[in-house]
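Protein chains in written order, with the numbering used here: chain A, 8 to 301; chain B, 478 to 854.
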């Protein structure tokens, strides 16, 4: 029995790591911009297709394709901010409008993928599907191990980035109190752009790993976003490393939940967890409880 | 205030738009009457492959029929509605086709869920619905106006259960798509027949359309006593399940159904499906089947998708029935005609029974070297 438990833990970690890849970039963008950037999922999907196009269609070297795909993700994120959100911010639109704009962008980008690449499933085909390695009675493939390690590195890396670097500190300052941060000379617009660039670069990394693991479909962004968003809330929205922890918690609870419950309840378990957090700990795992704002 | 120059541009823009609209309206074919037929199926979303398979089949048949002068001189026109493999959208699509476009014939649905949801509306409005893909066994009882030229899963589920039993397996686990009538129907029929034969289903696990992680379901099956696994799902998820089963080192025999029998399947699974057993409608070597394949490759420059042949036959046999009706758009006459017709097409003999079902021969296949090879025991 214990070998099942361990395998389920591994399954949970794999699922959690994938959610974490989505949630961390999303959460980084939320932390400074304070609105829900749903199109993040589409940035992931689009970058995965770019990787597919460069590597599988054009036959460019894999390493180079990966670098280009990440650069593309950053650029796409930056352009979305520049061309859509910035214009809306200038008109002092509320974050609800920005949210709706982001849903619109998500649908637009997904439709664009559909138009450019067609609807059938694409495989990148860099790694062959092979038997996993035995690891304490559980089985895991090297790619999955790599995904888990990457998201752990992201967890530590983002933590250090936010705490130690000048840019990270500026982001936290904007996140904490935009007006005061501007008074001390931090340009909020610049920080917004940077958080889109960095957050979307993380989306690019997510795109590569998820693309290799799950294959590509035009609608993959929406599916990823649903769980990634739940993970970010559980972890404490706006807290970047919290989002990674939330993602792992979500993945593990989901997979252990269907050990005894019928497997159809998998998503229900995820959202019950979300509700429990919203009701009893709305600030999430790592979020700081704020006194009522205004 | 708008600058003068901008005003001029705006004016030119408006005039241009009016001109384009006017030209478009006048250049529309006037006077030429077409016979409108509706289509309802997934043209986007998870099940789009099946929808496109059907659409290409219809298009091929349509091209042929219209190039030969249509139905008694009138060309057929198909109005495509995207129902996304969802029951709710299917209802909207059929309501639109019936009430706005006033069609009397609908090709589709594609997913069983679509046909089951929208069938009663077609029946109520006395509109013919002819599906070429939906295989759920409950469609048999939808009504007099609902036809399909693809055999019911009541036959295929049985066949799959018998195949599993004949291969010597007595304890099986089922993993099926739980939010789709295709999977639900197959699971029920399989389970019933397999238990009748004396086997037992010891574990049933579900997944949803669009899922990508099946590891925990597979872990449970791996650690159960099941000797074989019956998989009832759509191509995308089935392919990922086989990949993940290989990663998890599951060496139990998988048995599945025709939904994976398309060349695109191997793009995803590679060699993880080796040894997979499946049931499917028998591949025919008949003259018509070969002709269809040639025409399809000529038109679309690729191998036929799954069910394209069924769609092709459906529109062709429909056009024969329509030709014999005084008013080729008279649903009642077409209904009678469909019950009477025996049409020999690319998929074999199409002979509708009292429920509007056809029976076709099933065969079993095995995956060897990334190909579906007939498997006879």
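Even for Gly, the Cβ is constructed at its ideal location relative to N, Cα and C.
Can you find a CB in chain A that lies within less than 8 Å of the CB of residue i?
i, result
"residue 724 of chain B", "yes"
"residue 664 of chain B", "no"
"residue 700 of chain B", "yes"
"residue 558 of chain B", "no"
"residue 521 of chain B", "yes"
"residue 694 of chain B", "yes"
"residue 683 of chain B", "yes"
"residue 606 of chain B", "no"
"residue 690 of chain B", "yes"
"residue 649 of chain B", "no"
"residue 717 of chain B", "yes"
"residue 686 of chain B", "no"
"residue 679 of chain B", "no"
Considering residue i, what are the terminal residues of the alpha helix (DSSP H) in which it resides?
i, result
"residue 801 of chain B", "785–801"
"residue 288 of chain A", "Residue 288 of chain A -> no alpha helix (DSSP H), and no H or E assigned at all."
"residue 170 of chain A", "149–171"
"residue 670 of chain B", "658–674"
"residue 81 of chain A", "69–87"
"residue 530 of chain B", "525–544"
"residue 745 of chain B", "741–746"
"residue 566 of chain B", "564–576"
"residue 827 of chain B", "Note, residue 827 of chain B: premise wrong, no alpha helix (DSSP H); beta strand (DSSP E) at 825–828."
Count the other CB atoms, across all protein chains shown, that sit within 10 Å of the CB of residue i; report buried if there are 16 or more and exposed otherwise.
i, result
"residue 826 of chain B", "exposed"
"residue 636 of chain B", "buried"
"residue 5 of chain A", "Past the boundaries of the shown model lies residue 5 of chain A; chain A is included only from 8 to 301, so the question cannot be answered."
"residue 694 of chain B", "buried"
"residue 39 of chain A", "buried"
"residue 677 of chain B", "exposed"
"residue 805 of chain B", "buried"
"residue 794 of chain B", "buried"
"residue 781 of chain B", "buried"
"residue 611 of chain B", "buried"
"residue 657 of chain B", "buried"
"residue 841 of chain B", "buried"
"residue 491 of chain B", "exposed"
"residue 684 of chain B", "buried"
"residue 128 of chain A", "buried"
"residue 624 of chain B", "buried"
Using a Cβ-Cβ distance cut-off of 8 Å, determine whether residue i contacts chain B.
i, result
"residue 139 of chain A", "yes"
"residue 115 of chain A", "no"
"residue 27 of chain A", "no"
"residue 270 of chain A", "yes"
"residue 306 of chain A", "Any question about residue 306 of chain A goes unanswered here, given that chain A covers just 8 to 301."
"residue 126 of chain A", "yes"
"residue 215 of chain A", "no"
"residue 154 of chain A", "no"
"residue 123 of chain A", "no"
Looking at C-alpha atoms only, which residue of the options is the closest neighbour of residue i?
i, options, result
"residue 228 of chain A", "B:481, B:482, B:522", "B:522"
"residue 824 of chain B", "B:691, B:813, B:836, B:830", "B:836"
"residue 539 of chain B", "B:807, B:772, B:596", "B:772"
"residue 18 of chain A", "B:691, B:788, B:708", "B:691"
"residue 834 of chain B", "B:615, B:534, B:546, B:840", "B:615"
"residue 231 of chain A", "A:27, A:12, A:268, A:11", "A:27"
"residue 529 of chain B", "A:126, A:43, A:157", "A:126"
"residue 602 of chain B", "B:610, B:760, B:577", "B:577"
"residue 652 of chain B", "A:14, A:124, A:271", "A:271"
"residue 132 of chain A", "A:286, A:215, A:258, A:239", "A:215"
"residue 177 of chain A", "A:201, A:285, A:119", "A:201"
"residue 700 of chain B", "B:722, B:581, B:802", "B:722"
Taking 8 Å as the limit between beta carbons, can you name the residues of its chain near residue i, skipping five residues before and five after?
i, result
"residue 524 of chain B", "561, 562, 587, 588, 686, 711"
"residue 83 of chain A", "50, 53, 54, 207"
"residue 4 of chain A", "Nothing about residue 4 of chain A can be reported from this structure: the residues present for chain A run from 8 to 301 only."
"residue 554 of chain B", "511, 512, 513, 514"
Just curious, the beta strand (DSSP E) that residue i is in, first and last residue?
i, result
"residue 684 of chain B", "677–684"
"residue 126 of chain A", "Neither: residue 126 of chain A is in no beta strand (DSSP E) and is coded neither H nor E."
"residue 585 of chain B", "582–585"
"residue 142 of chain A", "140–142"
"residue 703 of chain B", "Element bounds for residue 703 of chain B: n/a, residue is neither H nor E."
Less than 6 Å between C-beta atoms, sequence neighbours within five positions excluded: which residues of the same chain meet that for residue i?
i, result
"residue 668 of chain B", "678"
"residue 745 of chain B", "716"
"residue 155 of chain A", "20, 24"
Going along the chain, which residues of its own chain have a beta-carbon closer than 7 Å to the beta-carbon of residue i, five neighbours each way excluded?
i, result
"residue 13 of chain A", "143, 144, 145"
"residue 189 of chain A", "195"
"residue 22 of chain A", "258, 261, 262"
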